[in-house]
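Engineer: Residue numbers (this note's numbering): 200 to 480. Before I ask anything, here is the structure I am working with.
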Amino acid sequence: MAMASNGALVLTQEEFAMVCRWAYDTCGLDLKPGKEELVASRLGKQIRRLGFASFRDYYRVLKEQSDGPVMSAAIDAITTHHTSFLREPAHFEFLNKQVFPSLAAAGRVRVWCAASSTGEEPYSLILSAEDALGSTLAQRIELMASDVSEPALEAARRGVYGADRVSALPAAWLPRYFLKGQGAFAGRYRVKPAYAQRVDFRRVNLIEPLPSIGPFSVILCRNVMIYFDRPTQERLIERMREVLEPGGYLLVGHAESLTGVKHQLEYIHPSVYRKAGSKCR
């Protein structure tokens, strides 16, 4: 480890390779050459904040911890949390027009947002369903949302967002679904508890065997598999297929494709796949 003239951390190629191996083994991230500066910047902040004398000391703690605050902060630092409300809106339109109405009319609908980051995706799903289906049917959607980053999950559970984060939402949604901050909290919006409590946030590492969950009618695993290599993608898709109901749907990001990836799902249309079997209730 070296320091640049501006005080920034500079990783040697050996140290970067160590981080790449740790990231792959820990959360499946396939870091590529060219990410050295980004990784050094993010981990450098952690090393300085925690007071480690060297990268090697920091790395030794990462290797020794199977869990804990240092591990959690490192995972949060190297994973991408780019998200927004109603991102890729065609998915919400598809679910609210073609999937949820019939399923909710027949009973409960179990949904899993598998890489929920700071919560915008699961809250978008709950609120758009409320808006499209009405409260009676929308309340039949049981939503589990997960992420590998505990700090991201903590932010999601709080459900508090700056005005810039909610600016793209329909204007009528803000007074209907959010509490507007006052005083020291001016400019912030909090998802109303009646809607926030419908989301069960859990920490799940997608590269590990899944906990006892499911079966689900719908799984959203969007804009995360692009960070995994092909074998990891194939293992993850199979695990998700196993916890889908027969006829259940898997939605991936619009920029993602399962072309060339071995799987047993039926292609419906771009970014939407379905498990074989009788149609969901």
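Glycine included, each C-beta is placed from N, C-alpha and C at the ideal position. None of these values were measured; they are calculated from a predicted model.
Could you tell me whether the segment 344 to 353 touches the segment 304 to 317, using the rule of 3 or more Cβ pairs below 8 Å?
Structural biologist: Output reads yes: the segment 304 to 317 touches the segment 344 to 353.
Engineer: By alpha-carbon positions, which one of 476, 333, 456, 470 ends up nearest to residue 288?
Structural biologist: Checked all of 476, 333, 456, 470; the closest Cα to residue 288 is 470.
Engineer: Please list, in chain order, all residues of the same chain as residue 408 whose beta carbon is under 8 Å from its beta carbon, the five residues on each side excluded.
Structural biologist: The answer, listed in chain order, is 438.
Engineer: Is there contact between the segment 389 to 406 and the segment 213 to 227, where contact requires at least three CB pairs shorter than 8 Å?
Structural biologist: Touching, per the Cβ criterion.
Engineer: Count the other CB atoms within 10 Å of the CB of residue 362; is the residue buried (16 or more) or exposed (fewer)?
Structural biologist: Exposed, because fewer than 16 other Cβ atoms sit within 10 Å of the Cβ of residue 362.
Engineer: Just checking, does the segment 257 to 275 make contact with the segment 216 to 223 on the three C-beta pairs under 8 Å criterion?
Structural biologist: Touching, yes, given that three or more Cβ pairs across the two stretches are closer than 8 Å.
Engineer: In whole angstroms, give me the CA-to-CA distance for residue 390 and residue 213.
Structural biologist: So the two alpha carbons sit approximately 45 Å from each other.
Engineer: Consult DSSP for residue 384 and reduce its assignment to one of helix, strand or coil.
Structural biologist: Here residue 384 sits in helix by DSSP.
Engineer: What are the uninterrupted segments assigned as alpha helix (DSSP H) that are 4 or more residues long and contained completely in the segment 325 to 413, given in chain order?
Structural biologist: Entirely contained in the segment 325 to 413, the alpha helix (DSSP H) runs reaching 4 residues are, in chain order, 334 to 337, 349 to 357, 362 to 365, 372 to 376, 392 to 395.
Engineer: Across the segment 364 to 371 and the segment 244 to 254, are there enough close Cβ pairs to call them in contact, namely three or more that are closer than 8 Å?
Structural biologist: Because the criterion of three Cβ pairs below 8 Å is not met, the segment 364 to 371 and the segment 244 to 254 do not touch.
Engineer: Which word fits residue 395, buried or exposed, when buried means at least 16 other C-beta atoms lie within 10 angstroms of its C-beta?
Structural biologist: The residue in question, residue 395, is buried, as its Cβ has 16 or more Cβ neighbours within 10 Å.
Engineer: Which residues does DSSP pair with residue 415 in a beta bridge?
Structural biologist: Bridge partners of residue 415: 443.
Engineer: At which residue ranges does the segment 270 to 323 contain complete beta strand (DSSP E) runs of 3 or more residues, listed in the order of the chain?
Structural biologist: Taking only runs of at least 3 residues, the beta strand (DSSP E) segments lying wholly in the segment 270 to 323 are 308 to 312.
Engineer: Measure the alpha-carbon distance for residue 305 versus residue 414 and round it to whole angstroms.
Structural biologist: Those two C-alpha atoms are separated by around 16 Å.
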